[in-house]
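**Student:**
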Amino acid sequence: MEIKREESYRLRINGGVLSPGELKYICEAAEGLGLDAISFGSRQDIIFPEQIDERKFPDFDKIKFTKPKRDGMENIVSSYVSADILPSTSWLTSDRYLYVLEQFKHKLKLRVNITDPKQRLVPLFTGNVNFVASEHEDYWYLYVRLPEWKKTVMYPALIYSWDMYKIERAIEKVLVEEPENIETLFELVSDAVDTNNRTVDRPLEVPFYPFPYYEGMNRFGDKYWLGLYWRNNRYDIRFLKAMCDLCAENKIGKISITPWKSFIVKGIPMKFKLQWEKFLGSYGINVRHSMLELNWHLPVFDSAALNLKKYLVTNFDQNDISTYGLTFGIANYESRTYHFTSIVIEKNKQPENLGDFVIRDTYNLLYAKNFDPNTREYIMHVQDVDKVELPGLLMELSKLYFEQLGTEYDKEVEKDIKKEVHEEEVYQCKECLTIYDQIYGDITQHISPNTAFENLPESYECSLCEAPKSSFEKKVLVK
82 MEIKREESYR
92 LRINGGVLSP
102 GELKYICEAA
112 EGLGLDAISF
122 GSRQDIIFPE
132 QIDERKFPDF
142 DKIKFTKPKR
152 DGMENIVSSY
162 VSADILPSTS
172 WLTSDRYLYV
182 LEQFKHKLKL
192 RVNITDPKQR
202 LVPLFTGNVN
212 FVASEHEDYW
222 YLYVRLPEWK
232 KTVMYPALIY
242 SWDMYKIERA
252 IEKVLVEEPE
262 NIETLFELVS
272 DAVDTNNRTV
282 DRPLEVPFYP
292 FPYYEGMNRF
302 GDKYWLGLYW
312 RNNRYDIRFL
322 KAMCDLCAEN
332 KIGKISITPW
342 KSFIVKGIPM
352 KFKLQWEKFL
362 GSYGINVRHS
372 MLELNWHLPV
382 FDSAALNLKK
392 YLVTNFDQND
402 ISTYGLTFGI
412 ANYESRTYHF
422 TSIVIEKNKQ
432 PENLGDFVIR
442 DTYNLLYAKN
452 FDPNTREYIM
462 HVQDVDKVEL
472 PGLLMELSKL
482 YFEQLGTEYD
492 KEVEKDIKKE
502 VHEEEVYQCK
512 ECLTIYDQIY
522 GDITQHISPN
532 TAFENLPESY
542 ECSLCEAPKS
552 SFEKKVLVK
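Those letters in the sequence shown? Residues 82 to 560, per our numbering, in order.
#1: Could you check the C-alpha separation between ASN95 and ILE157 for me, to the nearest Å?
#2: If you compare alpha carbons, which of GLU358, LYS335, GLU554 and LEU227 is closest to PHE534?
#3: What are the boundary residues of the beta strand (DSSP E) that includes ALA412?
#4: Hey, is the region 197-212 in contact with the region 156-176, meaning 3+ C-beta pairs nearer than 8 Å?
#5: CB-CB under 6 Å to THR443, same chain, minus the five flanking residues each way: which ones, in chain order?
#6: Unbroken beta strand (DSSP E) runs of length 3 or more, entirely within the region 181-253: which are they?
#7: When you compare only the Cα positions, how much space is there between ASP244 and LYS468?
#8: Taking ALA323 as part of the beta strand (DSSP E), name the residues at either end of that continuous run.
#9: Could you please give me the residues that DSSP links to PRO350 through a beta bridge?
#10: Under three-state DSSP, which class holds VAL466?
#11: Let me confirm a value: SER551 is counted as buried when at least 16 other C-beta atoms fall within 10 Å, else exposed. Which label applies?
#12: DSSP has VAL425 in a bridge; who is on the other side?
#13: Please confirm whether CYS325 and LYS105 have their CB atoms less than 8 Å apart.
#14: Please state whether DSSP places PHE154 in a helix, a strand or coil.
#15: Spell out a yes or no on whether the region 330-343 and the region 114-129 are touching, meaning 3 or more CB-CB pairs, one atom from each, closer than 8 Å.
#16: Quick one: what does DSSP say ILE516 is sitting in, helix, strand or coil?
#17: Using DSSP bridges, identify the partner residues of ARG91.
#18: Taking a contact to mean a Cβ-Cβ separation below 8 Å, would you say LEU389 touches ILE411 in this structure?
#19: Considering ILE107, what are the terminal residues of the beta strand (DSSP E) in which it resides?
#20: Check PHE553 in the structure and name its three-state DSSP category.
#21: Compare the Cα-Cα distances from TYR316 to each of ILE520, PRO130 and GLY113 and report the closest residue.
#22: Mark VAL494 as exposed unless 16 or more other C-beta atoms lie within 10 angstroms of its C-beta, in which case mark it buried.
#23: Tell me, please, which residues DSSP counts as bridged to TYR459.
#24: Work out the CA separation of PRO538 and TYR290 for me, nearest whole Å.
#25: Verify whether the separation of the beta carbon atoms of ASN376 and PHE292 is less than 8 Å.
#26: Are LYS304 and GLY348 close, meaning C-beta to C-beta below 8 Å?
#27: Which two residues bound the contiguous alpha helix (DSSP H) that contains PHE397?
#28: Is the region 262-281 close to the region 234-242, with three or more CB pairs under 8 Å?
#29: Nearest CA to the CA of LEU114: which residue from LEU191, LYS359, ILE133 and LEU99?
#30: Does DSSP classify LEU486 as helix, strand or coil?
#31: Classify ASP523: buried if its beta carbon has 16 or more other beta carbons within 10 angstroms, exposed otherwise.
#32: To the nearest angstrom, report how far apart LEU422 and TYR521 are at their CA atoms.
#33: If distances are taken between C-alpha atoms only, which option among ASP117, ASN531, ILE516 and CYS546 comes closest to LYS322?
#34: Looking only at C-alpha atoms, which of CYS328, LYS335, SER544 and THR395 sits nearest to THR525?
#35: Check SER544 in the structure and name its three-state DSSP category.
#36: Have a look at LEU471, ASP272 and LYS137 and flag the residue whose alpha-carbon is nearest the alpha-carbon of GLU112.
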């Protein structure tokens with residue numbers, strides 16, 4: 082029989098970014114509540130691992146203690162943590178993230194993701210409202226999956242950076258209308274708020290990169306970044322407070338939480354590298370775990386999942402199996418909708434009303450299409466297998482991954498080489514260079530796909546700068 086654990090208190094950390102001073106205050110609050118450690122959640126929040134005395138909360142008035150399910154309060158995940166240290170969209174800088182995150186000050190009812198499609202550390206589509214950076218500066222694709230929807234669907238417009246919070250709030254408000262599809266949602270939101278949307282002129286492209294190694298002291302430019310991971314996800318408060326003081330001494334302004342229950346300190350000056358290494362050594366901190374250890378996502382405080390991970394990692398290690406670039410998740414039957422790892426080990430629900438009869442747990446194995454979680458498509462590999470069968474099956478999937486690695490890209494390149502040159506007529510605004518492509522139409526102005534430019538009403542205006550129809554020139558795109 083499975084025991085339901087009481088929901089833990091969490092602290093919402095906007096986009097997983099906080100200052101050393103803020104983290105130190107949280108640590109001091111945790112100490113005041115009788116804790117010696119804190120934990121990190123997969124949505125870049127901070128979790129208090131033990132039950133705490135709510136009567137002491139008024140002593141720490143800068144902190145909002147929440148239980149997300151009880152309080153109906155969600156948070157924002159962002160890929161700020163990967164800015165400057167991993168592949169990124171050119172215009173999406175650390176400062177740009179902070180400006181965007183600063184807009185979201187209201188109590189969120191929906192999960193929000195704000196991410197760069199060129200990084201792999203933070204999942205793109207695990208929110209209800211997912212903003213993904215486009216190549217157009219300050220414009221974002223929006224992918225929506227409302228709580229009752231079964232799939233994530235693209236919103237038919239690009240969202241301006243300074244409208245993101247307005248769009249999210251409007252989506253929250255129209256939930257009472259129970260929109261069943263993206264077209265209805267778009268109409269409701271468009272009626273509710275004025276925005277500077279832009280026409281979607283090309284589909285989102287998400288390049289595939291193997292999952293990065295995110296631990297240890299690593300150089301970028303003339304500085305270093307430090308990734309820290311603790312196996313048990315219980316980060317010692319005494320260590321964290323001392324680290325915050327060292328950050329302040331080195332004039333490091335931000336600490337970033339990852340979705341992998343770890344954190345990263347960016348911007349360590351080169352001259353202080355030795356000081357940091359001595360500091361880590363004085364606390365006996367291991368900063369070079371194997372990738373076998375790092376690339377797992379487990380439910381918080383789930384001892385059974387942790388034991389299963391240890392069992393599987395030991396088997397991988399004994400058989401000298403490489404898992405570089407892969408990620409693994411352990412989930413149960415209740416969390417099937419938000420996977421974000423390459424391979425998922427899904428624990429099945431046990432039959433009820435068995436009396437004294439005990440049966441072993443069984444598992445399903447799924448893997449993402451092309452082993453890329455951002456495809457949002459999962460393939461069932463095997464079902465209802467015993468624990469002892471899992472190591473061999475996972476090794477089988479790991480080998481399949483390396484056999485396929487790069488072949489999907491090669492196939493696409495081969496298709497492109499064989500493809501004939503195709504010319505397509507479009508119309509471009511002379512003022513701001515926005516393109517009207519009849520294939521997509523312009524849903525921001527209720528223009529259906531496959532509507533020729535000649536058939537647009539004379540009152541048609543550029544969706545971005547509002548220039549008249551006469552400002553558009555015919556152009557030929559070569560594809």
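Here a beta-carbon is modelled for each residue, glycine too, at the ideal position from N, C-alpha and C.
**Tutor:** The structure says:
#1: 6 Å
#2: GLU554
#3: 409-413
#4: yes
#5: ASN429 and ASP465
#6: 193-196, 210-214 and 220-225
#7: 48 Å
#8: No beta strand (DSSP E) holds ALA323; the alpha helix (DSSP H) holding it covers 318-330.
#9: LYS304
#10: strand
#11: exposed
#12: GLY410 and LEU447
#13: yes
#14: First, the amino acid is wrong: residue 154 is Met here, not Phe. Coil at MET154, not helix or strand.
#15: yes
#16: strand
#17: ILE128 and THR147
#18: yes
#19: First-last for ILE107: 101-113, but that is the alpha helix (DSSP H), not the beta strand (DSSP E).
#20: strand
#21: PRO130
#22: Residue confidence for VAL494 is low, a pLDDT of 42 falling below 50, so the modelled location carries little weight; the figure read from the coordinates is stated next. It is exposed - the Cβ of VAL494 has fewer than 16 other Cβ atoms within 10 Å.
#23: ALA449
#24: 44 Å
#25: yes
#26: yes
#27: 384-399
#28: yes
#29: ILE133
#30: coil
#31: buried
#32: The identity of residue 422 in the sequence shown is Thr, whereas the question assumes Leu. Cα-Cα distance, rounded: 32 Å.
#33: ASP117
#34: SER544
#35: coil
#36: LYS137
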